[in-house]
Every structure is written in structure tokens, then in C-alpha cells.
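Read through the structure below, which is laid out as C-alpha cells, and then see the notes.
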Amino acid sequence: NRMHLVCPMNTSPHVDPQKSGHEVWEEFSHSFTPAVREVVEFAKKIPGFRELSQHDQVSLLKAGTFEVLVVRFASLFDVKDRTVTFLGGKRYSVDSLRALGAGDLLNSMFDFSEKLMNLGLSEEEMSLFTAVVLVSADRSGIENVNSVEALQETLIRALRSLITKNHPNEASIFTKLLLKLPDLRSLNNMHSEQLLAFKVH
Amino acid sequence: FSDPASNLGLEDIIRKALMGNLEDRQE
């Protein structure tokens, strides 16, 4: 019943069996904290984000950090080689991660990463898309829905304009990007279930 | 368990990072 943490935000999927659950979590937290801080720094740079109430800034970040990280780290999933690179720098094959207990979430992450990377977005486009992912008025606990909605609409308009300018002959890219939003929600839900299972374990 | 972000310490990290000065002082 040896425990494994099959998340690329960890340095390695292997867990020292001598360590307590609390110690394992502390180590894991230590490895993903810098990535979470980067998401917060990114959010601070979104024009208009700092003008939202502090409560709504926290709510958006709490709900959306995982989805932002999925977009930012899509390149950790090598679809061709079927490997995942962990933050420790080592690559693991899908088969080895499956043997360690990874399930449907891993497959779904590969599918998502493949489709996103295939769109061939520039850094600027990816950044704006990430802002759209984060600023969603329908997240739970938002107190000023109108303000978040207004910012969300501004960001979506900016994304559409940038995509239309950069890809005049590929009108479907913007639609495909918007369709990634429910995919990310679904990944987020699956991930929350796995976190719950880990915590119960 | 209905709020994994709070349960797993994410909210604390986010709040500290949003208030950058506090984080700097702690480090």
C-alpha cells in the first residue's frame, strides 16, 4: 500500500515510506508553492484584476489556479513520447505512472495538452487565454459578479481581436479556445476528487 | 472537503502572495 503522489507539480512521484502523511504533504506543498506564487504574480499583471475586491481576487485564484497551471505546464506532457516531466526535471512514462496509480486524470491531461499545443499559440496569445481562464464570473463565492463579468468580457474581446489579427484564415481557433474552458473545469473537478482521495488516504 | 483550495493551504499561499510585503517580511 505504498503511497505515491503522481502529480508533475511534485519533484518525483515516489514518496519516502518512512515519512508521515503530514511530512509528505509539507514537501509537496514546498514544491508547488512557487508555481502558485507565479500564478498570483501573473494575475496581478492582468489589467483590471487589482481593481476587483480582494475577496474576489482570492476567490478567482482559489478556483482557477489549478486550471492556469494546467495551461502553463501543458508542455510537461509530451504527447509524442507519452511522458510527463516532473518539477524535479525527471521524465516518467505514462505506463510507469499508471503502475503507480495514475488514472483517468492523466489521460485527460494528455488529451487537453495535445489539443492546446496543436493550436500553436504564441506566448502573447497563451497569456491572454490564461487571463480569460482565471477571470471567470461564474466561480463560486464571487461577491461582485458584475465587476468580474465586465473584466471577463474585456479579456475575451481582447483575445478574439488578437486571434483574429494573428490567424486571419483560421477563424475556428478562437472558438476552439473558448471550448477549452469547460474542458479545464472538468479537469479541475477530477483533480479536486483526487486531492480529496489523497487527503482521506 | 467542499473547498479543496482552503483545505490544502492554497488560500494561505494566495493571500500572502497577493499581499507581497507580508510575504517578503516572512522570507
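Chains as they are written, first to last, in our numbering: chain A, 3 to 203; chain B, 3 to 29. Idealized CB from N, CA, C, for every residue including glycine. Note that the structure is a prediction, hence the values are computed from the model and not measured.
| query | CB residue 145 of chain A to CB residue 57 of chain A, shorter than 8 Å? | reply | Here residue 145 of chain A refers to the residue found at position 143 of the first sequence. Here residue 57 of chain A refers to the residue found at position 55 of the first sequence. Yes.
| request: Taking 8 Å as the cut-off, decide whether the C-beta atoms of residue 68 of chain A and residue 132 of chain A are in contact. | output: One-based indexing of the first sequence puts residue 68 of chain A at position 66. One-based indexing of the first sequence puts residue 132 of chain A at position 130. Their beta carbons are not under 8 Å apart, which means residue 68 of chain A does not touch residue 132 of chain A by this criterion.
| message | Using the Cβ count rule (16 or more neighbours within 10 Å means buried), how would you classify residue 27 of chain B? | response | For the purposes of this step, residue 27 of chain B is identified with residue 25 of the second sequence, where counting begins at 1. Interpretation of residue 27 of chain B is limited by its pLDDT of 43, a score under 50 that renders its predicted location unreliable; no figure is taken from the coordinates.
| task | For residue 149 of chain A, return the contacting residues in chain B, with the cut-off set at a CB-CB distance below 8 Å. | result | Position 147 of the first sequence, counted from the first residue, corresponds to residue 149 of chain A. Per Cβ cutoff of 8 Å: no residues; residue 149 of chain A is ~17 Å from chain B at best.
| message | Can you tell me whether residue 75 of chain A is helix, strand or coil according to DSSP? | response | Position 73 of the first sequence, counted from the first residue, corresponds to residue 75 of chain A. The answer is coil: DSSP assigns residue 75 of chain A none of H, G, I, E or B.
| said: Which of the three DSSP states is assigned to residue 174 of chain A in this structure? | reply: The residue labelled residue 174 of chain A in the question sits at position 172 within the first sequence. Correct three-state label for residue 174 of chain A: helix.
| field | Buried or exposed by the 16-neighbour rule on C-beta atoms within 10 Å, applied to residue 193 of chain A | value | As a first step, residue 193 of chain A is located in the first sequence; it is residue number 191 there, counting from the start. The Cβ neighbour count for residue 193 of chain A, taken over all protein chains shown within 10 Å, is at least 16; the residue is labelled buried.
| query | Name the DSSP bridge partner or partners of residue 6 of chain A? | reply | By one-based count along the first sequence, residue 6 of chain A stands at place 4. Note: residue 6 of chain A sits in a beta bridge opposite A:16.
| query | From what residue to what residue does the alpha helix (DSSP H) around residue 42 of chain A run? | reply | For this step, residue 42 of chain A is matched to residue 40 along the first sequence. Residue 42 of chain A -> alpha helix (DSSP H) spans 23 to 47.
| query | At a Cβ threshold of 8 Å, is residue 87 of chain A touching chain B? | reply | Residue numbering aside, residue 87 of chain A sits at position 85 when the first sequence is read from its first letter. It does not; no Cβ of chain B falls within 8 Å.
| What does a CB cutoff of less than 7 Å around residue 25 of chain B pick up in its chain, not counting 5 residues either side in sequence? | Position 23 of the second sequence, counted from the start, is the residue given in the question as residue 25 of chain B. Bear in mind that a pLDDT of 48 at residue 25 of chain B, under 50, signals an unreliable position, so the number given afterwards is only what the model happens to contain. Contacts found: 18 and 19.
| task | Identify whether residue 113 of chain A lies in helix, strand or coil by the three-state DSSP scheme. | result | The residue labelled residue 113 of chain A in the question sits at position 111 within the first sequence. Three-state result, residue 113 of chain A: helix.
| task | Look up residue 24 of chain B in the DSSP assignment and say whether it is helix, strand or coil. | result | Within the second sequence, numbered from 1, the residue matching residue 24 of chain B stands at position 22. Note that residue 24 of chain B has pLDDT 44, beneath the 50 cutoff, so the model's placement of it is unreliable and no number is given.
| request: Could you tell me which residues DSSP pairs with residue 95 of chain A in its beta bridges? | output: As a working mapping, residue 95 of chain A is identified with position 93 in the first sequence. The beta-bridge partner set that DSSP reports for residue 95 of chain A consists of A:85.
| Under a three-way DSSP split, which group does residue 140 of chain A fall into? | Taking the first sequence and counting its residues from 1, one reaches residue 140 of chain A at position 138. Correct three-state label for residue 140 of chain A: coil.
| Spatial neighbours of residue 42 of chain A in its chain, beta-carbon cut-off 7 Å, leaving aside the 5 residues before and after | Working through the first sequence from its first residue, we reach residue 42 of chain A at position 40. Answer for residue 42 of chain A: 63, listed in chain order.
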